[in-house]
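So the structure is just underneath, and the comments pick up after that.
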Amino acid sequence: MLESLIPANMPSPASLGPVVAIVALSALFRGFTGFGFAIIAVPLLSLALPPLLAVALAAGLQLLGGLMDFRDASRACHWPSVRWLAAGALVSSPFGTLLLAWLPADAARLVLAGACGVAVLALVATPGFRHLPGRATTAAAGVLSGLFNGMAAMPGPPALAYYLALPLQPAQVRASLMVFFLFSAFLSSASLVAIGAVGQREVLMVLAGMPLMLAGSRLGAALFRRAGGAHRNVALATLALVALLTAARGLAGLFGSGP
């Protein structure tokens with residue numbers, strides 16, 4: 001009876017163990033750094049799952065997690081920048097999703113690794129703006145975020161580079177990113193539904209992963225309160241490691257030595 005409710009195309013039990021660990025680690029990272037669930041989850045999940053399924057799972061979990069945080073984040077975020085970022089992302093996100101559906105799995109893994117590497121560079125070397133940039137600059141950052149979002153449910157690299165360069169208070173930057181990531185999760189989820197990438201399997205996996213998302217985020221937040229400013233260096237080291245692992249898997253597959 002229960003077995004009849006489980007889709008036949010569910011991942012094998014052997015692959016679900018790593019998926020559980022990856023979701024928990026990514027949620028912990030999100031709570032510890034205040035951003036970046038998808039930046040960690042998508043590249044690592046693509047090592048255990050097909051990239052399209054990895055993106056769908058990450059997008060769904062990010063959507064539900066963002067809804068939990070929206071009430072508090074909406075009070076502190078910088079709404080003018082969020083609106084123009086969202087406008088740019090709205091235009092480009094569907095094109096990123098179409099690119100994901102078109103790319104071979106190993107090529108998609110290399111793109112995801114590159115996106116993760118861009119995030120590291122953005123966090124290390126982002127130049128700062130002396131004044132808030134104009135609408136065109138903000139919308140352009142949104143377009144780039146939308147492409148990353150549609151292709152990998154990862155709007156983070158361009159959005160992080162933009163917000164870390166703004167002369168805003170850290171609390172306002174954090175809240176603005178959380179609100180924008182929620183909007184991006186809506187976009188990527190809608191695009192995935194439109195191309196038929198979300199079905200019973202994906203919904204069940206998102207619902208099953210939600211307790212891990214909640215627990216990991218809360219534990220990460222508690223660790224942040226104890227670790228102080230060390231979270232930035234931990235984030236950079238983790239992102240770099242994820243980029244290397246994902247690139248290695250993609251290259252191995254392209255050259256015939258991987259699954």
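Residue numbering for the sequence shown follows full-length UniProt numbering, starting at 1 and increasing by one per position. Note that the Cβ used here is the ideal one computed from N, Cα and C, for glycine as well.
Within the same chain, Cβ atoms closer than 7 Å to the Cβ of Val118 are found at Pro157, the five residues on either side in sequence being excluded.
For the options Ser188, Ala252 and Pro167, the alpha carbon positioned closest to that of His78 is the one of Pro167. For Phe29, the closest of Arg218, Ala248, Phe255 and Gly253 by C-alpha to C-alpha distance is Arg218.
One Cα belongs to Ala171, the other to Leu254, and the distance between them is close to 43 Å. Rounded to whole angstroms, the gap between the alpha carbons of Leu121 and Ile39 is 13 Å. With contacts defined by Cβ atoms closer than 8 Å, Arg135 and Trp84 form a contacting pair. Assignment of Leu100 by DSSP, reduced to helix, strand and coil, places it in the helix class. For the set Ala153, Ala89, Ala108 and Met68, the Cα lying nearest the Cα of Met213 is the one of Met68. For Val179, the enclosing alpha helix (DSSP H) begins and ends at Pro170 to Ala194. Here Leu99 really is in contact with Met151; their C-beta atoms are around 5 Å apart, less than 8 Å. Residue environment for Gln62: buried (at least 16 other C-beta atoms within 10 angstroms of its C-beta). One Cα belongs to Ala190, the other to Ala108, and the distance between them is close to 20 Å. When the alpha-carbon of Ala197 is set against those of Pro133, Leu52 and Val23, the nearest one is in Leu52.
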